[in-house]
Amino acid sequence: METADSLLKAIAHLTGENLEDLEKEHSTPVANPEIQKHLKSKNILASGISVLAEVDYTSLSGKKQHRDIVIRRVIRSGKDIFMDAFCLEIKAPRLIKISNIQKIKDKKSSKEYDNPFDFLENQLGIELEEKKSSSSFDLNSIQSPLQASSSSKGELKTAIARTRNEITALMFIAGVDGKRQQEEFSQIAQYVHRRCPDLVFKDEDLYQYLMMLYPDQESFYQSMERILGNEGWVVKLFLEHLIHLISSDGTIDEKERIFLAEIMTILKNEGFVIKF
189 METADSLLKA
199 IAHLTGENLE
209 DLEKEHSTPV
219 ANPEIQKHLK
229 SKNILASGIS
239 VLAEVDYTSL
249 SGKKQHRDIV
259 IRRVIRSGKD
269 IFMDAFCLEI
279 KAPRLIKISN
289 IQKIKDKKSS
299 KEYDNPFDFL
309 ENQLGIELEE
319 KKSSSSFDLN
329 SIQSPLQASS
339 SSKGELKTAI
349 ARTRNEITAL
359 MFIAGVDGKR
369 QQEEFSQIAQ
379 YVHRRCPDLV
389 FKDEDLYQYL
399 MMLYPDQESF
409 YQSMERILGN
419 EGWVVKLFLE
429 HLIHLISSDG
439 TIDEKERIFL
449 AEIMTILKNE
459 GFVIKF
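First residue of the sequence shown? That's 189 in the numbering used here, and the numbers climb one at a time after it.
Put into C-alpha coordinates, the structure is as follows:
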(Lines of atoms letter the chains of each structure in order from A and count residues from 1; the text may use other names and numbers.)
(Lines give C-alpha, C1' and ligand atoms only; values in the text may rest on other atoms or scores of the structure.)
Protein backbone atom coordinates (compact mmCIF):
# COMPACT_ATOMS: atom_id res chain seq x y z
CA MET A 1 0.00 0.00 0.00
CA GLU A 2 2.89 2.34 0.85
CA THR A 3 4.45 1.71 -2.57
CA ALA A 4 1.14 2.39 -4.32
CA ASP A 5 0.67 5.67 -2.45
CA SER A 6 4.24 6.76 -3.19
CA LEU A 7 3.86 5.94 -6.86
CA LEU A 8 0.68 8.01 -7.12
CA LYS A 9 2.45 10.93 -5.42
CA ALA A 10 5.33 10.64 -7.90
CA ILE A 11 2.91 10.71 -10.84
CA ALA A 12 1.07 13.72 -9.37
CA HIS A 13 4.37 15.64 -9.09
CA LEU A 14 5.36 14.78 -12.66
CA THR A 15 2.04 15.61 -14.33
CA GLY A 16 0.81 18.41 -12.09
CA GLU A 17 -2.42 16.48 -11.53
CA ASN A 18 -4.29 16.75 -8.24
CA LEU A 19 -3.24 13.84 -6.01
CA GLU A 20 -6.75 13.41 -4.59
CA ASP A 21 -8.17 13.08 -8.12
CA LEU A 22 -5.58 10.45 -9.01
CA GLU A 23 -6.28 8.52 -5.82
CA LYS A 24 -10.02 8.66 -6.46
CA GLU A 25 -9.69 7.41 -10.05
CA HIS A 26 -7.33 4.64 -9.00
CA SER A 27 -9.33 3.41 -6.01
CA THR A 28 -12.96 3.89 -7.13
CA PRO A 29 -14.65 0.54 -6.37
CA VAL A 30 -16.67 -1.31 -9.01
CA ALA A 31 -20.20 -1.88 -7.74
CA ASN A 32 -21.03 -4.87 -9.93
CA PRO A 33 -19.83 -8.03 -8.08
CA GLU A 34 -19.57 -9.92 -11.39
CA ILE A 35 -17.13 -7.32 -12.71
CA GLN A 36 -15.22 -7.29 -9.41
CA LYS A 37 -14.74 -11.04 -9.71
CA HIS A 38 -13.13 -10.74 -13.14
CA LEU A 39 -10.97 -7.73 -12.25
CA LYS A 40 -9.46 -9.66 -9.34
CA SER A 41 -8.06 -12.22 -11.77
CA LYS A 42 -4.28 -12.44 -11.50
CA ASN A 43 -4.01 -13.93 -14.98
CA ILE A 44 -2.97 -10.76 -16.80
CA LEU A 45 -2.18 -11.46 -20.46
CA ALA A 46 -0.99 -7.88 -21.08
CA SER A 47 -0.90 -4.66 -19.10
CA GLY A 48 0.08 -1.07 -19.89
CA ILE A 49 -1.47 -1.34 -23.36
CA SER A 50 -2.82 2.22 -23.68
CA VAL A 51 -4.26 1.94 -27.19
CA LEU A 52 -7.17 4.18 -28.17
CA ALA A 53 -9.94 2.18 -29.86
CA GLU A 54 -13.51 2.51 -31.07
CA VAL A 55 -15.55 -0.55 -30.18
CA ASP A 56 -19.02 -1.98 -30.80
CA TYR A 57 -19.87 -4.59 -28.17
CA THR A 58 -22.52 -6.14 -25.98
CA SER A 59 -22.06 -5.22 -22.32
CA LEU A 60 -22.10 -7.78 -19.52
CA SER A 61 -25.67 -6.63 -18.80
CA GLY A 62 -26.71 -7.43 -22.39
CA LYS A 63 -26.88 -3.87 -23.83
CA LYS A 64 -25.44 -2.91 -27.22
CA GLN A 65 -22.73 -0.25 -26.81
CA HIS A 66 -20.58 1.93 -29.07
CA ARG A 67 -17.68 3.50 -27.18
CA ASP A 68 -14.31 5.17 -27.56
CA ILE A 69 -12.02 3.51 -25.05
CA VAL A 70 -8.42 3.36 -23.88
CA ILE A 71 -7.47 -0.31 -23.56
CA ARG A 72 -5.40 -0.69 -20.40
CA ARG A 73 -5.14 -4.44 -19.75
CA VAL A 74 -6.20 -7.78 -21.18
CA ILE A 75 -7.00 -10.38 -18.52
CA ARG A 76 -8.19 -13.96 -18.46
CA SER A 77 -10.85 -14.83 -15.90
CA GLY A 78 -12.01 -18.42 -15.93
CA LYS A 79 -12.56 -19.43 -19.53
CA ASP A 80 -13.10 -15.86 -20.76
CA ILE A 81 -10.81 -13.03 -21.87
CA PHE A 82 -11.63 -9.40 -21.06
CA MET A 83 -10.44 -5.90 -21.87
CA ASP A 84 -10.02 -3.69 -18.84
CA ALA A 85 -10.58 -0.29 -20.46
CA PHE A 86 -11.46 3.31 -19.73
CA CYS A 87 -14.43 4.86 -21.56
CA LEU A 88 -13.65 8.39 -22.75
CA GLU A 89 -17.34 9.29 -23.15
CA ILE A 90 -18.54 8.60 -19.62
CA LYS A 91 -15.10 8.91 -17.96
CA ALA A 92 -15.36 5.55 -16.22
CA PRO A 93 -13.71 2.10 -16.33
CA ARG A 94 -15.30 -0.57 -18.49
CA LEU A 95 -14.78 -4.34 -18.52
CA ILE A 96 -15.48 -5.75 -21.99
CA LYS A 97 -15.69 -9.45 -22.79
CA ILE A 98 -13.66 -10.03 -25.95
CA SER A 99 -16.12 -12.51 -27.44
CA ASN A 100 -18.88 -9.86 -27.05
CA ILE A 101 -17.11 -7.42 -29.39
CA GLN A 102 -18.69 -7.11 -32.83
CA LYS A 103 -16.20 -4.61 -34.27
CA ILE A 104 -13.10 -2.80 -33.05
CA LYS A 105 -11.00 -0.07 -34.67
CA ASP A 106 -7.63 1.36 -33.74
CA LYS A 107 -8.31 5.11 -33.65
CA LYS A 108 -4.76 6.15 -34.55
CA SER A 109 -4.46 4.07 -37.73
CA SER A 110 -8.21 3.65 -38.48
CA LYS A 111 -7.59 -0.08 -39.03
CA GLU A 112 -10.80 -1.97 -38.34
CA TYR A 113 -11.28 -5.57 -37.25
CA ASP A 114 -14.42 -7.69 -37.17
CA ASN A 115 -12.51 -10.30 -35.18
CA PRO A 116 -11.33 -8.88 -31.82
CA PHE A 117 -8.99 -11.84 -31.20
CA ASP A 118 -7.11 -11.00 -34.41
CA PHE A 119 -6.99 -7.37 -33.27
CA LEU A 120 -5.32 -8.41 -30.02
CA GLU A 121 -2.79 -10.68 -31.71
CA ASN A 122 -2.00 -8.89 -34.98
CA GLN A 123 -2.50 -5.25 -34.03
CA LEU A 124 -1.37 -5.30 -30.38
CA GLY A 125 0.93 -8.33 -30.38
CA ILE A 126 -0.78 -10.07 -27.46
CA GLU A 127 -0.29 -13.83 -27.50
CA LEU A 128 -3.50 -15.70 -26.67
CA GLU A 129 -3.65 -19.33 -25.68
CA GLU A 130 -6.60 -19.96 -27.95
CA LYS A 131 -7.25 -18.89 -31.51
CA LYS A 132 -10.58 -17.49 -32.64
CA SER A 133 -11.56 -17.11 -36.28
CA SER A 134 -14.15 -15.07 -38.12
CA SER A 135 -15.37 -15.98 -41.60
CA SER A 136 -15.87 -12.27 -42.42
CA PHE A 137 -12.28 -11.33 -41.54
CA ASP A 138 -9.61 -11.26 -44.25
CA LEU A 139 -6.19 -11.14 -42.63
CA ASN A 140 -4.56 -10.18 -45.92
CA SER A 141 -6.74 -7.08 -46.24
CA ILE A 142 -5.10 -5.32 -43.29
CA GLN A 143 -1.45 -4.54 -42.65
CA SER A 144 -0.66 -3.89 -39.01
CA PRO A 145 2.64 -2.86 -37.42
CA LEU A 146 3.18 -6.49 -36.44
CA GLN A 147 2.66 -7.76 -39.98
CA ALA A 148 5.38 -5.59 -41.49
CA SER A 149 7.48 -8.44 -42.83
CA SER A 150 7.43 -12.17 -42.40
CA SER A 151 11.03 -12.27 -41.11
CA SER A 152 10.68 -9.61 -38.40
CA LYS A 153 7.00 -9.92 -37.51
CA GLY A 154 7.46 -12.62 -34.88
CA GLU A 155 10.53 -11.03 -33.30
CA LEU A 156 8.92 -7.57 -33.10
CA LYS A 157 5.83 -9.12 -31.51
CA THR A 158 8.05 -10.89 -28.95
CA ALA A 159 9.97 -7.67 -28.23
CA ILE A 160 6.76 -5.72 -27.64
CA ALA A 161 5.33 -8.46 -25.42
CA ARG A 162 8.53 -8.47 -23.37
CA THR A 163 8.75 -4.69 -22.95
CA ARG A 164 5.13 -3.53 -23.24
CA ASN A 165 5.00 -1.91 -19.80
CA GLU A 166 8.33 -0.13 -20.25
CA ILE A 167 7.27 1.13 -23.69
CA THR A 168 4.03 2.53 -22.30
CA ALA A 169 5.79 4.20 -19.35
CA LEU A 170 8.44 5.76 -21.58
CA MET A 171 5.81 6.96 -24.06
CA PHE A 172 3.88 8.56 -21.20
CA ILE A 173 7.04 10.38 -20.06
CA ALA A 174 7.73 11.49 -23.63
CA GLY A 175 4.26 13.02 -23.88
CA VAL A 176 4.10 14.80 -20.52
CA ASP A 177 5.13 18.06 -22.18
CA GLY A 178 2.35 17.68 -24.75
CA LYS A 179 4.49 16.54 -27.67
CA ARG A 180 6.57 13.54 -28.68
CA GLN A 181 9.70 14.06 -30.75
CA GLN A 182 11.56 11.71 -33.07
CA GLU A 183 14.58 11.61 -30.75
CA GLU A 184 12.29 10.30 -28.00
CA PHE A 185 11.01 7.55 -30.29
CA SER A 186 14.63 6.71 -31.06
CA GLN A 187 15.43 6.58 -27.34
CA ILE A 188 12.58 4.13 -26.75
CA ALA A 189 13.73 1.98 -29.67
CA GLN A 190 17.24 1.90 -28.18
CA TYR A 191 15.79 0.68 -24.91
CA VAL A 192 13.86 -2.13 -26.60
CA HIS A 193 16.97 -3.22 -28.53
CA ARG A 194 19.07 -3.25 -25.33
CA ARG A 195 16.34 -5.11 -23.45
CA CYS A 196 15.97 -7.66 -26.28
CA PRO A 197 19.47 -8.23 -27.71
CA ASP A 198 18.40 -11.63 -29.00
CA LEU A 199 15.70 -10.19 -31.28
CA VAL A 200 15.98 -8.44 -34.64
CA PHE A 201 13.41 -5.90 -35.87
CA LYS A 202 13.28 -2.57 -37.69
CA ASP A 203 12.92 0.65 -35.74
CA GLU A 204 10.41 1.90 -38.31
CA ASP A 205 8.11 -1.03 -37.57
CA LEU A 206 8.34 -0.38 -33.83
CA TYR A 207 7.55 3.31 -34.44
CA GLN A 208 4.25 2.28 -36.06
CA TYR A 209 3.31 0.50 -32.84
CA LEU A 210 4.39 3.49 -30.72
CA MET A 211 2.14 5.77 -32.76
CA MET A 212 -0.91 3.75 -31.64
CA LEU A 213 -0.31 4.39 -27.95
CA TYR A 214 -2.37 6.77 -25.84
CA PRO A 215 -0.89 6.44 -22.34
CA ASP A 216 -2.88 7.96 -19.47
CA GLN A 217 -2.04 8.25 -15.77
CA GLU A 218 -3.65 4.95 -14.78
CA SER A 219 -1.90 3.04 -17.58
CA PHE A 220 1.37 4.67 -16.50
CA TYR A 221 0.68 3.66 -12.90
CA GLN A 222 -0.06 0.05 -13.85
CA SER A 223 3.07 -0.08 -16.03
CA MET A 224 5.36 1.41 -13.37
CA GLU A 225 3.96 -0.96 -10.76
CA ARG A 226 4.95 -3.97 -12.89
CA ILE A 227 8.30 -2.47 -13.92
CA LEU A 228 9.33 -1.87 -10.31
CA GLY A 229 8.57 -5.51 -9.58
CA ASN A 230 11.08 -6.65 -12.21
CA GLU A 231 14.64 -7.89 -11.86
CA GLY A 232 17.26 -5.35 -10.79
CA TRP A 233 19.05 -5.13 -14.13
CA VAL A 234 15.75 -4.43 -15.93
CA VAL A 235 14.85 -1.69 -13.46
CA LYS A 236 18.32 -0.11 -13.81
CA LEU A 237 18.18 -0.20 -17.62
CA PHE A 238 14.69 1.30 -17.60
CA LEU A 239 15.73 4.11 -15.23
CA GLU A 240 18.71 4.98 -17.44
CA HIS A 241 16.44 5.52 -20.42
CA LEU A 242 13.79 7.23 -18.28
CA ILE A 243 16.37 9.81 -17.22
CA HIS A 244 17.53 10.25 -20.82
CA LEU A 245 13.94 10.97 -21.87
CA ILE A 246 13.29 13.40 -19.02
CA SER A 247 16.52 15.29 -19.77
CA SER A 248 16.17 15.19 -23.57
CA ASP A 249 15.29 18.91 -23.60
CA GLY A 250 18.62 19.68 -21.92
CA THR A 251 17.38 20.10 -18.36
CA ILE A 252 15.58 18.35 -15.51
CA ASP A 253 13.12 20.68 -13.83
CA GLU A 254 11.96 20.58 -10.22
CA LYS A 255 8.88 18.42 -10.75
CA GLU A 256 10.97 15.91 -12.71
CA ARG A 257 13.61 15.86 -9.95
CA ILE A 258 10.94 15.16 -7.34
CA PHE A 259 9.47 12.40 -9.51
CA LEU A 260 12.85 10.69 -9.90
CA ALA A 261 13.65 11.08 -6.20
CA GLU A 262 10.36 9.44 -5.22
CA ILE A 263 10.90 6.57 -7.68
CA MET A 264 14.36 6.00 -6.20
CA THR A 265 12.86 6.07 -2.68
CA ILE A 266 10.29 3.44 -3.70
CA LEU A 267 13.10 1.23 -5.05
CA LYS A 268 15.15 1.70 -1.89
CA ASN A 269 12.16 0.68 0.24
CA GLU A 270 11.73 -2.39 -1.97
CA GLY A 271 15.34 -3.40 -1.30
CA PHE A 272 16.90 -2.14 -4.57
CA VAL A 273 20.21 -0.32 -4.56
CA ILE A 274 20.49 1.43 -7.92
CA LYS A 275 23.82 3.10 -8.74
CA PHE A 276 24.64 4.75 -12.05
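Virtual Cβ for every residue (Gly too), placed ideally from N, Cα, C. These numbers come from a predicted model, not from an experiment.
For residue 451, the secondary structure class from DSSP, reduced to helix, strand or coil, is helix. Assignment of residue 365 by DSSP, reduced to helix, strand and coil, places it in the coil class. Residue pairing of residue 244 in beta bridges, as defined by DSSP: 254, 291. Between the beta-carbon of residue 270 and that of residue 257 there is about 12 Å, and that puts the pair past the 8 Å contact cut. Counted as a single uninterrupted DSSP element, the beta strand (DSSP E) harbouring residue 283 occupies residues 280-285. Contact between the region 428-445 and the region 197-205 is present: 3 or more CB-CB pairs across the two stretches fall below 8 Å. A residue is called buried when at least 16 other Cβ atoms come within 10 angstroms of its Cβ; residue 403 meets this threshold and is buried.
In this structure, residue 296 lies near residue 399, with their beta-carbon atoms less than 8 Å apart. Per DSSP, residue 388 has no beta bridge partner at all.
DSSP, read as helix, strand or coil, puts residue 440 in coil.
Bounds of any alpha helix (DSSP H) do not take in residue 400, whose DSSP letter is neither H nor E. Between residue 242 and residue 293, the CB-CB gap stays under 8 Å. Contact fails between the region 360-375 and the region 243-252, because fewer than three Cβ pairs, one in each stretch, are under 8 Å apart. Here DSSP, grouped into helix, strand and coil, assigns residue 236 to strand. When the beta-carbon positions are compared, residue 380 and residue 355 come within less than 8 Å of each other.
Rounded to whole angstroms, residue 458 and residue 301 show a C-alpha spacing of 42 Å. When 421, 416, 395 are compared, the shortest CA-CA separation from residue 383 is found for 421. By the Cβ neighbour-count rule, residue 231 is exposed, with fewer than 16 other Cβ atoms within 10 Å of its own.
No residue range can be given for residue 314, since it is assigned to no alpha helix (DSSP H) and is classified by DSSP as neither H nor E. Contact between residue 239 and residue 401 holds: CB atoms are separated by about 6 Å, below the 8 Å threshold. Comparing alpha-carbon positions, the option among 247, 276, 277, 287 lying closest to residue 264 turns out to be 287.
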